[in-house]
Amino acid sequence: MELSLHRLRMLRELRRRGTVTAAAASLHYTVSAVSQQLALLERDVGVKLFERLGRGVQLTELGFLLTDHAEEILGSVERATLALEEAQGTMSARLTAGVWASVASGLLPGALTSLAAEHPGIQVRTRELAPEATAEAVRDGTLDLSFVIDYSDAPMRWDTGLERAVVAVERLHAAVPAGAVPAATVSLDALAEYPWIMASPRSHFGRAIRIACQRHGFQPKINHEVEEQSTAMVLVGAGLGVTLVSDLGLRLLRPPGIDVVALTTPLLRTVSIAYRRTEIRRPALQLVVAAVQTSAAELGLGSEPELP
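Per the UniProt record's numbering, the very first residue in the sequence shown carries number 1; after that it's consecutive.
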């Protein structure tokens, strides 16, 4: 009996996520592809691993047994990979990183270009995910590392099984229609009467802005709820409201008709790289972190949080 690591990962993800649809989404495959591979795994082992339960599937007792062993097998493969990386005289590794738009466009180009020049054996592939989903993907082994964010007014809960390295600290700025705020700075409460363009409260960004507004004594009147900072900036440029935008967000798109104004009480956003805590140090991963920190420094973004 030969066990495919690829299919064992799908089985492990099915147990973690509960449905084939959720497992497929986390692995970035179609539902039919995952279903087909799980059926082939069942054929490979020659026993029934799943039972139909309505429109979904449920692991059998033998399915749970194999999943327990899959955790051990895949963990051993990861440890062996790390040991080989550590033992190699020349640095060689393939890493998958979770990113979102502003870090992908603002921090990665410079970091990956310099990394390729200095350490061509290190290959970094990226997957764009919502910032809220990247840490979980690192924890369950889908990603090797991911970018995560923390806000000065809304710190995130941290998983003790993960390490994180600060790579940049951004300030949030008010983005307002041209001429709406004549001063060089503005307090957040001075924007209370404007209509707001904001991410939903499901996102860490949306929650952080709402908390900041509440701490400044007002509930923002939200006329447009959009997730991407670049989309919010377009709406501001059309005179439809105000928003907050980060330093890296300003590098995505700055349409005409917008003034970017500093906040009198700074709001900070810390960008870190998260990775699994292991007994074996992973030099390739540390080189990626260092390359991103250098890229951030070249953009004027410090790697140590500033005090407001």
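Note that beta-carbon positions come from the ideal geometry of N, C-alpha and C, so glycine has one too.
Assigned secondary structure, Pro155 (DSSP; H/G/I helix, E/B strand, else coil): coil
Rounded to whole angstroms, what's the CA-CA distance from Phe64 to Pro109? Just pull it up for me. 43 Å
Ala101: first and last residue of the uninterrupted alpha helix (DSSP H) it sits in: 101 to 106
Along the beta strand (DSSP E) that carries Phe50, what are the first and last residues, could you check? Where Phe50 is concerned, the enclosing beta strand (DSSP E) starts and stops at 50 to 53.
Excluding the 5 residues flanking Arg17 on each side, which residues of the same chain have their C-beta closer than 7 Å to its C-beta? Ala23, Ser26
Neighbourhood of Arg12 by C-beta distance below 7 Å, restricted to the same chain and skipping five residues each side: Hits under 7 Å: Thr67, Ala70, Glu71, Leu74.
Please go through the same chain and pick out, in chain order, the residues whose beta-carbon is closer than 6 Å to the beta-carbon of Ile209, but skip the five residues on each side of it. Met198, Leu244
Can you say whether Thr113 is buried or exposed, counting buried as having 16 or more other CB atoms within 10 angstroms of its CB? exposed
Taking the CB atoms as reference points, tell me whether Pro195 and Gly257 lie closer together than 8 Å. At the C-beta level, Pro195 and Gly257 stay beyond 8 Å of one another.
Compute the beta-carbon to beta-carbon distance between Ser246 and Asp150, rounded to the nearest angstrom, for a pair I have assumed lies under 8 Å. About 12 Å separates the two Cβ atoms, so there is no contact after all.
Jot down the residue ranges of each uninterrupted beta strand (DSSP E) in the stretch 149 to 210, minimum 3 residues, whole runs only, in chain order. 162 to 177, 195 to 198
With H, G and I counted as helix, E and B as strand and the rest as coil, what does DSSP make of Gly89? Per-residue confidence for Gly89 stands at a pLDDT of 49, beneath the threshold of 50, marking its modelled position as unreliable; the derived number appears in the next sentence. In this structure, Gly89 counts as coil in the three-state DSSP scheme.
Rounded distance between the beta-carbons of Leu53 and Arg7, thought under 8 Å: Contact doesn't hold; Cβ gap of about 21 Å is too wide.
For Gln37, tell me which candidate among Ala80, Leu14, Gly56 has the shortest Cα-Cα distance. Leu14
With a cut-off of 8 Å, do at least 3 Cβ pairs link the stretch 111 to 129 to the stretch 280 to 291? Pairwise C-beta distances place the stretch 111 to 129 in contact with the stretch 280 to 291, as three or more of them are shorter than 8 Å.
At which residues does the alpha helix (DSSP H) containing Gly237 begin and terminate? 229 to 237
So, does the stretch 92 to 105 touch the stretch 129 to 136, judging by three or more C-beta pairs under 8 Å? yes
Should the stretch 222 to 231 be regarded as contacting the stretch 249 to 266, the criterion being three or more beta carbon pairs within less than 8 Å? yes
Taking Leu299 as the reference, which of Val57, Thr81, Ala111 has the closest Cα? Ala111
For Glu128, the first and last residue of its enclosing beta strand (DSSP E): 122 to 128
Distance check for Glu2 and Arg171, CA to CA, integer angstroms please. Rounded to whole angstroms, the separation of the alpha carbons of Glu2 and Arg171 is 53 Å.
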